[in-house]
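Peer 1: The sequence shown begins at 2 in the numbering used here and counts up by one.
Please see the structure below; I have some questions.
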Amino acid sequence: MPDAERGTRVEVILTHENADFDAIASLLGAGKLFPTAIPVLPRRINRNGSAFLQLYGAELPFVPPDDLRREEIDRAILVDTQSLVTLKGMESDLKVDIIDHHKLDRELPSDWTFSGEPIGATTTLLIEEISARFLKLTELEATLLLLGIYEDTGSLSYQSTTVRDVRAAAWLMEQGARLELVNEFLHHPLGPEQRKLYERLLETSETHDIDGHTIIVAAERAEGFTKGLSTLAHKLRDLLEPSALFMFVALDGRIQLVARSTTDDIDVSAVAKHFSGGGHARAAAALIHDRELESVRRELLDMLPDVVQPAVTVGELMSLGVQVLSPTDTVGDAAEHMRRTGHEGYPVVEDDQVIGLVTRRAVDRAQQFEMTDASVTQVMEAGSVTVSPGDSVEYLQQLMIESGWGQIPVVERGTVLGVVTRTDLIRLWGVPEEPSRRLKITARLEQALSDPVLTLVRCISRTAHEMNVVPYFVGGLVRDLLLGQPIVDVDMVIEGDAIALADRLADTLGGRVIAHRRFGTAKWLLSNDVWAKITDQVARESDLPPSVDFVTARTEFYTYPTALPQVEQSSIKQDLHRRDFTINTLAIRLDPDHWGELLDFYGGEDDLEAGVIRVLHSLSFIDDPTRILRAARLESRLDFHLDPRSEQLIDDALPLLRRVSGDRIRHELELIFREDEPERALCRLDALGALAEIHPDLQCDDWLKAKYRALRETFEPSLWRLASGAGDMAFVHLAILGYRLDEQATKELSKRLKLKREDEEDLLLVQDLRQTLPKLAKLDRTSDIYRLLEPYASRVLAVVWIASDSTIIQRRVLRYQTDWRLVEPEISGDDLKAMGLEPGPLFGDLLRRVQEARLNGEVSTREEEIALVNRLMASEEHLDVK
Numbered sequence: 002m003p004d005a006e007r008g009t010r011v012e013v014i015l016t017h018e019n020a021d022f023d024a025i026a027s028l029l030g031a032g033k034l035f036p037t038a039i040p041v042l043p044r045r046i047n048r049n050g051s052a053f054l055q056l057y058g059a060e061l062p063f064v065p066p067d068d069l070r071r072e073e074i075d076r077a078i079l080v081d082t083q084s085l086v087t088l089k090g091m092e093s094d095l096k097v098d099i100i101d102h103h104k105l106d107r108e109l110p111s112d113w114t115f116s117g118e119p120i121g122a123t124t125t126l127l128i129e130e131i132s133a134r135f136l137k138l139t140e141l142e143a144t145l146l147l148l149g150i151y152e153d154t155g156s157l158s159y160q161s162t163t164v165r166d167v168r169a170a171a172w173l174m175e176q177g178a179r180l181e182l183v184n185e186f187l188h189h190p191l192g193p194e195q196r197k198l199y200e201r202l203l204e205t206s207e208t209h210d211i212d213g214h215t216i217i218v219a220a221e222r223a224e225g226f227t228k229g230l231s232t233l234a235h236k237l238r239d240l241l242e243p244s245a246l247f248m249f250v251a252l253d254g255r256i257q258l259v260a261r262s263t264t265d266d267i268d269v270s271a272v273a274k275h276f277s278g279g280g281h282a283r284a285a286a287a288l289i290h291d292r293e294l295e296s297v298r299r300e301l302l303d304m305l306p307d308v309v310q311p312a313v314t315v316g317e318l319m320s321l322g323v324q325v326l327s328p329t330d331t332v333g334d335a336a337e338h339m340r341r342t343g344h345e346g347y348p349v350v351e352d353d354q355v356i357g358l359v360t361r362r363a364v365d366r367a368q369q370f371e372m373t374d375a376s377v378t379q380v381m382e383a384g385s386v387t388v389s390p391g392d393s394v395e396y397l398q399q400l401m402i403e404s405g406w407g408q409i410p411v412v413e414r415g416t417v418l419g420v421v422t423r424t425d426l427i428r429l430w431g432v433p434e435e436p437s438r439r440l441k442i443t444a445r446l447e448q449a450l451s452d453p454v455l456t457l458v459r460c461i462s463r464t465a466h467e468m469n470v471v472p473y474f475v476g477g478l479v480r481d482l483l484l485g486q487p488i489v490d491v492d493m494v495i496e497g498d499a500i501a502l503a504d505r506l507a508d509t510l511g512g513r514v515i516a517h518r519r520f521g522t523a524k525w526l527l528s529n530d531v532w533a534k535i536t537d538q539v540a541r542e543s544d545l546p547p548s549v550d551f552v553t554a555r556t557e558f559y560t561y562p563t564a565l566p567q568v569e570q571s572s573i574k575q576d577l578h579r580r581d582f583t584i585n586t587l588a589i590r591l592d593p594d595h596w597g598e599l600l601d602f603y604g605g606e607d608d609l610e611a612g613v614i615r616v617l618h619s620l621s622f623i624d625d626p627t628r629i630l631r632a633a634r635l636e637s638r639l640d641f642h643l644d645p646r647s648e649q650l651i652d653d654a655l656p657l658l659r660r661v662s663g664d665r666i667r668h669e670l671e672l673i674f675r676e677d678e679p680e681r682a683l684c685r686l687d688a689l690g691a692l693a694e695i696h697p698d699l700q701c702d703d704w705l706k707a708k709y710r711a712l713r714e715t716f717e718p719s720l721w722r723l724a725s726g727a728g729d730m731a732f733v734h735l736a737i738l739g740y741r742l743d744e745q746a747t748k749e750l751s752k753r754l755k756l757k758r759e760d761e762e763d764l765l766l767v768q769d770l771r772q773t774l775p776k777l778a779k780l781d782r783t784s785d786i787y788r789l790l791e792p793y794a795s796r797v798l799a800v801v802w803i804a805s806d807s808t809i810i811q812r813r814v815l816r817y818q819t820d821w822r823l824v825e826p827e828i829s830g831d832d833l834k835a836m837g838l839e840p841g842p843l844f845g846d847l848l849r850r851v852q853e854a855r856l857n858g859e860v861s862t863r864e865e866e867i868a869l870v871n872r873l874m875a876s877e878e879h880l881d882v883k
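Written out as structure tokens, the structure reads:
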């Protein structure tokens, strides 16, 4: 919003001619914000606006243009328009500020400014600032401002209406706006002349279907008609409900064009500019001189194909990979298909022709009458109702209404390509993705992926396009991309045959494919030859993925709770529908024509912005209770929170964790252990009651948090001869989690998680060592400490070093690991032979005794070791060595 204090000379507030209520209300709103500026009325005002001002104008601060003082004007504030209306007295260096609710349509001079954004009404922008400044309004002012919002938003019903418009209207109601006046002037009755012209325009109006849009063109003569044309345009639009309306009225030597649009696909301002007029994408006008009405009408019709952008087509909505039934299938077969996939209907196809549709309702009713073995042809809705990918949404809607079919097959050249459903239409109710959004996604992809990897992805995209399949990034990759986190891999979901795509890429570029046809998956192993063919850039090998996984878009069904899912090929929409949480249902299209397009069927982006973990289905945790552990892991990693409904569903599903296999529970725990702060997820599981379902004695408290923090900050795996990978570190994390269990509970936990024998034995050794720690603390001689710790593996000692609360224990375990375990005698069995001793058990006793002496500091050189052996042999003390 421009600075209200700027300017010292005369400042004016202006709007467009043929002003509607939004224009007049914007004059008032700007006048409240800029009290030193003069709100100047336009010369032409719509009939209902003129009627309002005739009654109430004396109470408002408006000045007619002819009453404006003849002073120099150095600043103009334009509201609800981006075109300057010239007034006498305007200086050559006039400063202009624009406040408008449409996008800026041109580059501005250096001394012009623009404030605004696309919302329902310019009045809303001004109301937001008025309310923020706590400015007072009279009832009349609030009513006029509400008229501005209501007229431009169709009483808050037009598609362009935003939440901000609704809030502004509500605030005006609180300030005393009178709805009865709003209704009176919004529905102002037509005058006799208006009524006659309206009826003639309606009778002669033409309907044109262009690229899926209904266009109304009306042209009529009305010599002597003075005002109110925009009111007629509004009434025609509201009655006929076209995508766009173009109304020409010939008036005493000139033609007035009034144009209105209800969709972003038709920019009526382009038409108005062609006829030397102006306006915005949704509302524009032009005054055409010295032309014949018929020639102007024909000129419009000739240019409309270039102005009208194609509407959304069936091909953009449909789901690929449709499943069909044949006439030989039974009602029971159809019921089983529906149970497994969740589909509400199936086309019945015979000899490549659609002959009917079987719905869930029909199947359910048939089963009630014990018709399970009957053919689907007995219960289907007979007919051949189909659409093609190029059909418009309007045609699809009409077809659904006329046929009653909620799922319509998409057919092209005799082949059923997919299906489009009522749910697909509901998607259109959401806000369409703006081109700028796709550009932002594209920019993020280019920033997140190295140049060689991006080149690889584009190569996959082109090949997929040639094969008529669609590649997507999905799930966690998209989530992390939108959150600005690193992308680890470039695996893809393919709407189509993933294995065939991988094979084509390998044939063309090289590499090797490992396919699993049962699951529709393929791993493309990338050789150096692949990279050499697709890019000339040199990259570090560590920056290049060794492979790309391709997964055929699929749906899942569970034969019983906690079972592993069964999978079938499906569409991307159903592939996303099978996922766990809304934030993991996002997908990015990677085919060339839709590169960077974000798919969000389930509100994942909103939850991502709100920091919410929301389960996708009410039965999701029942189908797979391991999602409970996944929810806690995502919460802790992303610093998000579960929504209340999901938390309640977790509580309901907790007992089912006991039925999940130990392998799957262990796998989820190991994933948690790999997190930066695993204790956050474990404590969340404890709070949810899930940790106790794994074992009732497990707990997450301040002690565990401190130990995991110490493990993170002070633990060096190589010092304990541990691999830094998942295996040993997962054991250490698990052993610390279960450190305070007793021996019996440790055995129960090992059995529950189906641990490998080695891991179970070492967990029990941790408990064994824990029981001997009091003895360890009391030992004086280093050799005794050595003998006590010697039987334990390094990872067992590592757990005790982290978990013990005794500093003396920690020091002794660490000293053993770093120093004492490495102490060995300098002499060997060969030296004992040279001393005349016979090999046998005696050798081991003597060498252990020498090692103990070294540990205790009794000897430090080879000579001292030999002297000790001689003394032992002389006294035969070695016989008592244990």
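Beta carbons: idealized from backbone N, C-alpha and C, even for Gly.
(1) Whose CA, out of F582, R659, H595, lies closest to the CA of A632?
(2) Based on Cα-Cα distance, which residue from D601, V870, E859 lies nearest to L848?
(3) Which parts of the region 768-844 are runs of the alpha helix (DSSP H), unbroken and 4 residues or longer, counting only runs that do not cross its ends?
(4) Hey, V13 and I74 are a contact pair by Cβ (cut 8 Å); roughly how many whole angstroms apart?
(5) Which residue marks the beginning of the alpha helix (DSSP H) containing P40, and which one marks its end?
(6) Just to confirm the assignment, what range does the alpha helix (DSSP H) spanning I461 have?
(7) Three or more beta-carbon pairs under 8 Å between the region 373-390 and the region 342-358, yes or no?
(8) If the criterion is Cβ atoms closer than 8 Å, does the pair L545 and W525 meet it?
(9) Flag this pair as yes or no: are the beta carbons of I488 and P472 separated by less than 8 Å?
(10) Counting C-beta neighbours from all protein chains within 10 Å, is the total for V80 16 or more, i.e. buried, or is it exposed?
(11) Using only CA atoms, which one of R201, E142, L157 lies nearest to L888?
(12) According to the Cβ coordinates, are T82 and D101 closer than 8 Å?
(13) Please go through the region 79-113 and give each complete beta strand (DSSP E) segment of 3 or more residues, from N-terminal end onward.
(14) How would you label F53, buried or exposed, when you count the other beta carbons within 10 angstroms and need 16 or more for buried?
(15) So what does DSSP say about D75, is it helix, strand or coil?
(16) What's the gap between the Cα of D832 and the Cα of L838?
(17) Sorted by chain position, which residues of the same chain lie with C-beta nearer than 7 Å to L173's C-beta, five sequence neighbours on each side aside?
(18) For E865, which residues of its own chain have a beta-carbon under 7 Å away from its beta-carbon, when the five flanking residues on both sides are left out?
(19) A499 and F551 look like a contact to me (Cβ under 8 Å); what is the Cβ gap, rounded to whole Å?
(20) Please state if the CB of L233 and the CB of L202 are separated by a distance shorter than 8 Å.
(21) Between the Cα of G690 and the Cα atoms of R665, P718, R659, E714, which residue gives the shortest distance?
(22) Just the C-alpha distance for L483 and K197, rounded to the nearest angstrom, thanks.
(23) What's the call for H338, buried or exposed, on a 16-neighbour Cβ count within 10 Å?
(24) May I ask which residues mark the beginning and end of the alpha helix (DSSP H) holding G50?
(25) Is it buried or exposed, E791, if we count other Cβ atoms within 10 angstroms and call 16 or more buried?
(26) Can V421 and V315 be called in contact, C-beta distance under 8 Å?
(27) What whole-angstrom Cβ distance do G346 and R361 have, given they're in contact under 8 Å?
(28) In chain order, what residues of the same chain have a beta carbon less than 6 Å from the beta carbon of I25, not counting five sequence neighbours either side?
(29) Just to confirm the assignment, what range does the alpha helix (DSSP H) spanning H235 have?
(30) According to DSSP, simplified to helix, strand and coil, what is T139?
(31) Spatial neighbours of R872 within its chain, please: C-beta separation below 6 Å, excluding the five flanking residues on both sides.
(32) What residues match up with I256 in a beta bridge as DSSP calls it?
(33) Using 8 Å as the cut-off, can you tell me whether the region 683-698 makes contact with the region 626-642, which would need three or more C-beta pairs spanning the two stretches below that distance?
(34) Which same chain residues end up closer than 8 Å to I629 when comparing Cβ atoms and leaving out the 5 residues on each side of it in sequence?
(35) Whose C-beta lies closer than 7 Å to the C-beta of P433 among residues of the same chain, with five residues either side of it excluded?
(36) Would K89 pass as a contact of R107 if the rule is Cβ separation under 8 Å?
Peer 2: In short:
(1) F582
(2) V870
(3) 783-790, 795-804, 808-819, 830-835
(4) 6 Å
(5) Here P40 belongs to no alpha helix (DSSP H); instead the beta strand (DSSP E) covers 38-40.
(6) 452-467
(7) yes
(8) no
(9) no
(10) buried
(11) Outside the shown range of the chain, which is 2 to 883, sits residue 888, and nothing can be said about it.
(12) yes
(13) 91-100
(14) buried
(15) strand
(16) 9 Å
(17) I128, A143, L146, L147
(18) none
(19) 4 Å
(20) yes
(21) R659
(22) 57 Å
(23) buried
(24) 48-57
(25) exposed
(26) yes
(27) 7 Å
(28) G50
(29) 230-241
(30) coil
(31) none
(32) A251, I289
(33) yes
(34) F622, I651, A654, L655, L658, L686, L689, A691
(35) Only weak support is given to the placement of P433: the predicted model assigns it a pLDDT of 49, under 50, and the value that follows is read from those uncertain coordinates. Cβ within range, chain order: n/a, list empty.
(36) no
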